[in-house]
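Accompanying notes for the structure given below.
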Amino acid sequence: MKNLLMFLMLILLIFPSIVQVRAQPRFWTALNFELEFRGDGTVLVEAKQHPFDYEGRSLMDNATLVNLMKEDESDMIQYILLMFSKRPDSVIYKVIMHSTLLRNESVVCDPLNTGRLSEYKGSLSIKVLVYLNSTDFVRKANDTYEITVMDSFTERDPRSWIDYMGFSFSEGAELISYRWEPSFAKGPTNASRNHLSWYNYNERDAPDRYIFEVKMTIKKEIMQRVSASAIFSGNCISVTLENKGDNSYFYVNIGDQTRKVYVKGGSSENIRICNISASPIEIYGEDGLLLENLTPTYSPAGLPTSTEDYWYLGYVFLLVGLSFVVASFFIRKMERTIPAGKEKLSSGSL
Numbered sequence: 306m307k308n309l310l311m312f313l314m315l316i317l318l319i320f321p322s323i324v325q326v327r328a329q330p331r332f333w334t335a336l337n338f339e340l341e342f343r344g345d346g347t348v349l350v351e352a353k354q355h356p357f358d359y360e361g362r363s364l365m366d367n368a369t370l371v372n373l374m375k376e377d378e379s380d381m382i383q384y385i386l387l388m389f390s391k392r393p394d395s396v397i398y399k400v401i402m403h404s405t406l407l408r409n410e411s412v413v414c415d416p417l418n419t420g421r422l423s424e425y426k427g428s429l430s431i432k433v434l435v436y437l438n439s440t441d442f443v444r445k446a447n448d449t450y451e452i453t454v455m456d457s458f459t460e461r462d463p464r465s466w467i468d469y470m471g472f473s474f475s476e477g478a479e480l481i482s483y484r485w486e487p488s489f490a491k492g493p494t495n496a497s498r499n500h501l502s503w504y505n506y507n508e509r510d511a512p513d514r515y516i517f518e519v520k521m522t523i524k525k526e527i528m529q530r531v532s533a534s535a536i537f538s539g540n541c542i543s544v545t546l547e548n549k550g551d552n553s554y555f556y557v558n559i560g561d562q563t564r565k566v567y568v569k570g571g572s573s574e575n576i577r578i579c580n581i582s583a584s585p586i587e588i589y590g591e592d593g594l595l596l597e598n599l600t601p602t603y604s605p606a607g608l609p610t611s612t613e614d615y616w617y618l619g620y621v622f623l624l625v626g627l628s629f630v631v632a633s634f635f636i637r638k639m640e641r642t643i644p645a646g647k648e649k650l651s652s653g654s655l
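Read in order, the letters of the sequence shown are residues 306 to 655 in this note's numbering.
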């Protein structure tokens, strides 16, 4: 008990210093976005951030704070995906540039609500390529597409908004018309044939939705987010499929053998094909080929090659362990119940 009290006192003495070390200044973030619609049915999104304090002073030189913002990269990616879909897990995307501090870039906002924009030098930037054929907010209209871009920050918190939104349309993506919602929000500050930009001073002025009619090519089929891994052991190949899209059937083809498997969205399934030599694997979805030339890794025979194998071995070890515990219990019980006379007799016979 004495040692326990000393330990608790030590924790109480250390805890305030831990809190003090981890504490960071309260800050806000200027948000600037550039979106480039491309003729191949993708959109390149660049998100720029710049932190500042309650007096509008830049905090970009606070290395600890910037590193924490870099660690929150996954949150920013979610905000980007929510601009195009209510189901971000179903959106196909590729990170072109991870969170990087760009000293020569600038970010603008109105930090003190004065009606004047301030320019901050330095940007924590990330670039993400989004495939529009995997998003929700795309609607085909004759030979054009209506594409809606949400302000995902306002959607999550009405007190937040994107300070600057820039939209460009590269070769193969022709802007036909545009509008914004709600109607009382302000229109673009600058508008040309291939570029639109909004400078938003406050939440009321900032549109919640930017809607464009664009003539471009978007593949009809929706690519499915599926990843696969394979292990070859003995004469069997174990294939694990992870489905990050909607519930669907998949077809695993190895040599002259094909297996059909149903995988729920957000889950994974494992199948095993035996009596086959190691060869490249093809994964097909309901709309065609998804993955090809998947090469299995080699695992020595006898080692587990799937989740089921690991569970089986776990049960075996658990049963063996329980057997030892039960056996030890009965042995000790038998030793304790040996009659006292027999102990004296055996000791007297020595």
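Where is the CB? At the ideal position from N, CA and C, for every residue including glycine.
- Counting C-beta pairs closer than 8 Å gives three or more between the region 427-437 and the region 404-415, which meets the contact rule.
- DSSP, reduced to helix, strand and coil, places leucine 407 within a strand of the structure shown.
- Residue Met470 holds the alpha-carbon nearest to the alpha-carbon of glutamate 339 among Glu476, Met470 and Ile452.
- When secondary structure is reduced to three states using DSSP, methionine 402 falls in the strand class.
- Here the region 434-451 makes no contact with the region 351-360; the two share fewer than three CB pairs at distances below 8 Å.
- Taken in chain order, the unbroken stretches of alpha helix (DSSP H) that lie wholly in the region 364-400 and span 4 residues or more are 368-376 and 378-387.
- In the DSSP secondary-structure assignment, asparagine 337 is bridged to Lys353 and Tyr469.
- Alanine 368 is classed as exposed because its beta carbon has fewer than 16 other beta carbons within 10 Å across all chains shown.
- Taking C-beta atoms as the reference points, aspartate 394 and glycine 571 count as a pair closer than 8 Å.
- Tyrosine 436 is a Cβ neighbour of tyrosine 398, given a cutoff of 8 Å.
- C-alpha of lysine 353 to C-alpha of leucine 434: approximately 15 Å in a straight line.
- Annotation: threonine 494 to glutamine 562 spans about 60 Å, alpha carbon to alpha carbon.
- In this structure asparagine 552 touches lysine 569 by the C-beta definition: roughly 5 Å separates them, less than 8 Å.
- Residues Val396, Thr440 and Asp441 of the same chain have their beta carbon placed closer than 6 Å to that of serine 390, with the five preceding and five following residues left out of the count.
- A distance below 8 Å separates the beta carbons of leucine 546 and valine 566.
- Note that the C-beta distance between leucine 373 and phenylalanine 332 is not below 8 Å.
- Non-local C-beta neighbours of serine 363 in its own chain, meaning closer than 6 Å and more than five positions away in sequence, comprise Phe357 and Tyr425, ordered along the chain.
- By the CB criterion at 8 Å, histidine 500 and phenylalanine 517 fall outside the cutoff.
- For threonine 347, same chain residues with a beta-carbon under 8 Å away, outside a window of 5 residues either side, are Leu434, Val435, Tyr436 and Leu437 in chain order.
- Beta-bridge pairing by DSSP links isoleucine 586 to Ile559 and Leu599.
- One alpha carbon belongs to glutamate 574, the other to methionine 388, and they sit about 31 Å apart.
- About 33 Å separates the beta carbons of glutamate 587 and serine 475, which is beyond the 8 Å limit, so they are not a contact pair.
- Residue state for glutamate 547 is assigned as strand, using DSSP reduced to three classes.
- Valine 531 is positioned such that its CB atom lies no closer than 8 Å to that of glycine 560.
- DSSP, read as helix, strand or coil, puts serine 439 in helix.
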